[in-house]
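Heads up: the protein sequence lines correspond to chains A and B, in order. So the first sequence is residues 331 to 443, counted in the working numbering. So the second sequence is residues 1106 to 1222, counted in the working numbering. Every residue gets a Cβ at the ideal spot worked out from N, C-alpha and C, and that includes glycine. Predicted, not measured: the structure shown is a model, and the values here were computed from it.
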Amino acid sequence: GENVEQHPSTLSVQEGDSAVIKCTYSDSASNYFPWYKQELGKRPQLIIDIRSNVGEKKDQRIAVTLNKTAKHFSLHITETQPEDSAVYFCAASIGGGSYIPTFGRGTSLIVHP
Amino acid sequence: GAVVSQHPSWVICKSGTSVKIECRSLDFQATTMFWYRQFPKQSLMLMATSNEGSKATYEQGVEKDKFLINHASLTLSTLTVTSAHPEDSSFYICSASSTSGFTDTQYFGPGTRLTVL
């Protein structure tokens, strides 16, 4: 089955800095890669996703890049703010049909004011 | 759009009792609903996948007789924890994917915190 590795497990940055979280996956058939943000005690919220037909997607301060050859994808957050502090999860799946996601272990992002 | 509700948001029960958790897609029809369990500071652990009108598919190591899942309609799935024990205490989260549009995007419920005394 699919295996998703996520690094780092903890990331501490100063407000205004950039943050990068990286994930690798094992199943070359995976074609859908969402990123979720989970604040303490709350539900995971989809913040951005990318499908295998594109290499990069951006939404304001958040961007995701995908390298299908190397089987890795990354979340980039620029100009971080304290409210970006949360746990971020990446996931990989074979979209369309029997979609079952595999989640990474999560990255705890701490943005210091 | 794409709102998923979960009820109750928290529940405390005595050991040996059963607890039912409901997951509803409020403004869309869900092809598939998923049930996860999450321990503190850990990732989401998929317990089972359910499709409307059919039996749930359980992940390896998840007892189907203990965690009963019913997906009666395209907007409702329930998880019943039977004969709950303290080790079942956890945060249970459901998610749903739509029958239309991008069917691979999951929308999560707010979670149910179960505490078994």
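Annotation: the continuous beta strand (DSSP E) that includes alanine 1201 (chain B) extends over 1195-1203. Counting the other Cβ atoms within 10 Å of the Cβ of serine 1203 (chain B) gives 16 or more, which makes it buried. A straight line joining the alpha-carbon of valine 441 (chain A) with that of leucine 370 (chain A) spans about 15 Å. Residue burial annotation: asparagine 361 (chain A) is buried, with at least 16 other C-beta atoms found within 10 angstroms of its C-beta.
Residues of chain B whose Cβ lies closer than 7 Å to the Cβ of proline 431 (chain A) are, in chain order, Gln1211.
In the three-state DSSP reduction, aspartate 357 (chain A) falls in the coil class, being neither helix nor strand. The alpha carbon of lysine 401 (chain A) has as its nearest neighbour, out of A:Ser415, A:Gln390, A:Ala422 and A:Pro412, the alpha carbon of A:Ala422. Taking a 10 Å sphere around the C-beta of serine 1130 (chain B), we find 16 or more other C-beta atoms and assign the residue as buried. Residues of chain A with a Cβ closer than 8 Å to the Cβ of isoleucine 1198 (chain B) are, in chain order, Arg373 and Pro374. Taking a Cβ-Cβ threshold of 7 Å, none of the residues of chain B is close to tyrosine 355 (chain A); the smallest such distance is about 14 Å.
For histidine 402 (chain A), the enclosing beta strand (DSSP E) starts and ends at 402-407.
Taking a beta-carbon distance threshold of 9 Å, aspartate 379 (chain A) counts as an interface residue toward chain B. Setting aside the 5 residues that flank it on each side, serine 1188 (chain B) is surrounded in the same chain by Gly1121, each with a C-beta closer than 6 Å to its C-beta; the list follows chain order. Linking glutamine 375 (chain A) to glutamine 368 (chain A) through their CA atoms gives a straight-line distance of about 6 Å. Taking 9 Å as the threshold, the shortest C-beta distance from proline 364 (chain A) to chain B falls below it. For proline 1215 (chain B), the neighbours in chain A by C-beta distance under 8 Å run, in chain order, Lys372 and Arg373. Bridge pairing for valine 1186 (chain B): B:Val1124 and B:Phe1172 [DSSP]. Within the same chain, Trp365, Tyr366, Lys367 and Ile392 come within 7 Å of isoleucine 377 (chain A) by CB-CB distance, once the 5 residues on both sides are set aside. Following the DSSP letters along the chain, one finds serine 1155 (chain B) inside the beta strand (DSSP E) bounded by residues 1149-1156. Neighbours of phenylalanine 419 (chain A) in chain B, taken as residues whose beta carbon is under 8 Å from its own, are Ser1148 and Leu1149 in chain order.
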